[in-house]
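Here my numbering = 1-based position in the sequence shown + 60.
Glycine residues also receive a C-beta, built at the ideal position from the N, C-alpha and C atoms.
In this text the structure is predicted, and so the values were computed from the model without any measurement.
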Amino acid sequence: MILRRLYLYVVSAAALTLLATGLTLLGGTILLFVFNDPSADSSRGQLAVFTAMTVVALPVWAVHFWFARRLALRDPFERASALRRLYFYWACLVTSVGAMVALAFTLSQLLQPPLDSQRLNALTASQLGWATFVLVVFFAFHFQVASTDRAAAGEEGASSTLRRWYMYLGLLVGLLVMLGGTQALLQLGWTRLADSSFDKFTYLSGPVGLALAGAVMWAFHARAIAVNHAAEDRHSTLRALQGFIAVAISITTALFGASQILYYILARVLGVSNPGNAGDNVAVAAAGPGSALLIYGVAWFLIQRRLARDAGTQEADRQAGVRRLYTNLTALVSLAVWAIGAGGLLWTLAEQLEAPIIGVAAHDWKDPVSLFVTLLAVGAAVWLAHWRQAPWAADRQSLSRKLYVWAALLGSILVVLGAGVGMINALLQQVFSAHPRLNDPNNLDFGHYLAVIVVAAGVGIYHWRVLRSDSAARPARAAVASSAPKAAVMPVISSRVEAAIAPEVIAPHGRRYTLVVTEATDDDVHQALAALPPQASYKLTPTEQTS
């Protein structure tokens with residue numbers, strides 16, 4: 061049975077790929093003759109190849125798809141099989157992405173006359189339009205058959221997971237393409253307003269086509285999820301994963317734009333005429349980072365609201381794991397950013413203080429200070445927004461937090477080792493030199509590496525204290541298990557929660573509560589107890605009611 065399915069759908073997928081490619085290229089070649097293109101006569105050999113691809117692939121795909129459909133109509137298990145859903149959702153993903161790309165180029169060609177005052181290339185626009193049409197037809201066909209199968213045979217387990225993989229990948233791709241096109245459009249418009257001589261080198265049709273095609277892709281999948289799968293997918297891991305990937309990309313791009321703008325402002329305030337070789341026109345230099353900050357900042361805010369709304373109803377364990385991974389990964393990256401900024405700032409200040417003492421000329425400090433202050437400010441802001449020294453009990457003992465703390469410790473210790481070697485080397489170079497000189501410029505490395513050691517040691521000491529605090533907050537499982545009072549569990553018909561208070565034997569002035577919860581899932585209990593203070597802990601032990 062499985063081998064038969066595997067044969068049918070692998071052949072169908074291969075034939076579908078060949079058929080879609082052949083039809084697209086065949087139509088594009090025929091259009092050369094329709095428009096009397098000079099290259100038409102030299103394309104007759106290609107016409108034969110593309111016709112052969114189509115003629116061979118069409119019956120192979122049709123016959124195998126017909127057999128697969130016949131078996132699916134006879135057997136509900138065949139219709140609901142994961143291999144069948146894998147074929148359909150793979151076809152939907154590939155054809156939808158291909159259609160989006162073709163649509164972007166088609167719209168770019170069609171919008172060149174009104175937006176860029178360029179002549180319309182009817183042949184190219186027709187070829188791209190034909191490719192879009194072919195891919196949209198294949199996508200619509202497979203999407204409709206998959207919807208019919210889902211309505212007739214249901215969808216759960218692996219089949220439902222495959223559908224989520226397709227839909228949330230499509231949603232993410234459409235969102236990123238839409239944001240990228242919109243940001244490029246805003247950047248070009250900003251640049252045109254700031255520098256009128258830039259008009260002849262820019263074309264608006266490309267970013268507009270990209271943004272519109274991405275918007276169509278994103279809107280279609282967002283609508284399909286909202287109408288048919290909102291309740292089912294609200295607590296799925298893939299939905300949370302898609303959201304956090306989008307948030308991570310948005311926050312990274314927006315903060316990069318903000319840091320660039322802050323860097324330009326600080327550098328100009330300090331008198332740097334050409335910060336980062338961006339030119340003397342600050343308005344033009346700020347077009348890229350400014351547009352990124354606006355577009356991806358808005359996306360960051362909106363997607364974060366959706367994630368908070370999903371988690372506000374009921375956050376499943378795997379969703380919480382994805383959230384913790386995102387939070388701690390963001391905290392780790394931002395920690396590295398502000399630590400580099402702090403180390404670089406102290407590096408520059410140490411050089412300015414040490415240089416006159418040993419009698420050497422120091423490098424210019426304005427541009428480096430602008431850069432490192434920017435890294436310090438942006439990195440610290442993100443780190444403070446995501447890092448919690450004493451979060452809730454479940455978050456405090458999570459694997460992702462432990463990975464963050466140990467990674468911070470490892471990184472800081474390695475930096476201290478490397479900087480220590482550099483500092484001692486700078487000192488010993490003069491000690492072992494035949495002609496030691498105080499005014500040797502290499503002596504500045506002593507202050508440089510000392511500044512790095514100060515920052516790295518501070519980061520390491522802080523996270524060592526966090527590690528000890530987290531270890532102290534971890535409940536002693538053996539003590540809790542041995543001293544736990546026995547509670548009588550009575551059968552309850554209606555949904556309710558009973559609480560009995562018993563003397564606490566672990567803490568001298570604490571209390572221990574025994575909760576008996578009926579007719580609720582593990583996720584319901586975890587969500588209900590999520591608001592416990594950081595020092596509190598609980599252990600969930602499911603038991604079966606007996607009549």
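Is it right to say residue i is buried, meaning 16 or more other beta carbons lie within 10 angstroms of its own, or is it exposed?
i	result
residue 61	exposed
residue 138	buried
residue 293	buried
residue 481	exposed
residue 360	buried
residue 146	buried
residue 47	Because the chain is modelled from 61 through 607, residue 47 falls outside the range shown and cannot be assessed.
residue 546	Residue confidence is low: residue 546 scores 43 on pLDDT, short of 50, so the model does not pin down where it sits. Its coordinate-derived value is still stated next. That one is exposed.
residue 560	In this prediction, residue 560 has a pLDDT of 40, which is less than 50 and means its spatial position is unreliable; what the coordinates show is noted afterwards. The residue in question, residue 560, is exposed, as its Cβ has fewer than 16 Cβ neighbours within 10 Å.
residue 125	buried
residue 204	exposed
residue 521	exposed
residue 194	buried
residue 495	exposed
residue 505	buried
residue 102	exposed
residue 618	Outside the shown range of the chain (61 to 607) lies residue 618, about which nothing can therefore be said.
residue 430	buried
residue 148	buried
residue 169	buried
residue 290	exposed
residue 601	exposed
residue 69	buried
residue 417	exposed
residue 555	Because residue 555 carries a pLDDT of 39, less than 50, the predicted location of this residue cannot be relied on, and no value is offered for it.
residue 267	buried
residue 298	buried
residue 370	buried
From the DSSP output, in three-state form, read off residue i for me.
i	result
residue 462	helix
residue 98	coil
residue 499	coil
residue 217	coil
residue 3	Missing from the structure shown is residue 3; the chain here goes from 61 to 607 and no further.
residue 177	coil
residue 223	helix
residue 304	helix
residue 338	coil
residue 150	helix
residue 524	helix
residue 493	coil
residue 332	coil
residue 204	helix
residue 190	helix
residue 451	coil
residue 483	helix
residue 164	helix
residue 65	helix
residue 106	helix
residue 589	coil
residue 534	coil
residue 580	coil
residue 327	helix
residue 72	helix
Please go through the region 111–144 and give each complete alpha helix (DSSP H) segment of 4 or more residues, from N-terminal end onward. Secondary structure remark: continuous alpha helix (DSSP H) runs of at least 4 residues inside the region 111–144, in chain order: 136–139.
As an exercise, report each continuous alpha helix (DSSP H) stretch of at least 4 residues that is fully enclosed by the region 231–299, in chain order. Fully enclosed alpha helix (DSSP H) runs of 4 or longer: 265–288 and 290–293.
Taking only runs of the beta strand (DSSP E) that begin and end inside the region 363–449, which ones reach a length of at least 3 residues, in chain order? Unbroken beta strand (DSSP E) stretches of 3 residues or longer found wholly inside the region 363–449: none.
The region 399–412 / the region 508–515 touching (three or more Cβ pairs under 8 Å): The region 399–412 is in contact with the region 508–515.
Can you confirm whether the region 95–105 touches the region 166–176 when touching is taken to mean that 3 or more C-beta pairs between the two stretches lie within less than 8 Å? Segments in contact, no.
Give a yes or no on contact between the region 199–218 and the region 148–156, applying the rule of three or more CB pairs nearer than 8 Å. Output reads yes: the region 148–156 touches the region 199–218.
Inter-stretch contact at 8 Å, needing at least 3 Cβ pairs: the region 432–452 / the region 465–482: Result no; under three Cβ-Cβ pairs closer than 8 Å.
Pairs of beta-carbons, one from the region 329–338 and one from the region 422–434, closer than 8 Å: are there three or more? Yes, the region 329–338 is in contact with the region 422–434.
Can at least three beta-carbon pairs, one atom from the region 216–232 and one from the region 119–133, be found at a separation below 8 Å? No: fewer than three Cβ pairs fall under 8 Å.
Give a yes or no on contact between the region 339–352 and the region 226–234, applying the rule of three or more CB pairs nearer than 8 Å. Contact fails: fewer than three Cβ-Cβ distances are below 8 Å.
Any contact of the region 276–294 with the region 347–358, i.e. 3+ C-beta pairs under 8 Å? Judged by Cβ distances under 8 Å, the region 276–294 makes no contact with the region 347–358, as fewer than three pairs qualify.
Check whether the region 393–401 and the region 432–439 touch, using three or more Cβ-Cβ pairs below 8 Å as the test. They touch, by the three-pair rule.
Does the region 75–88 come within contact of the region 182–192, defined as at least 3 CB pairs closer than 8 Å? Contact holds: three or more Cβ-Cβ distances are below 8 Å.
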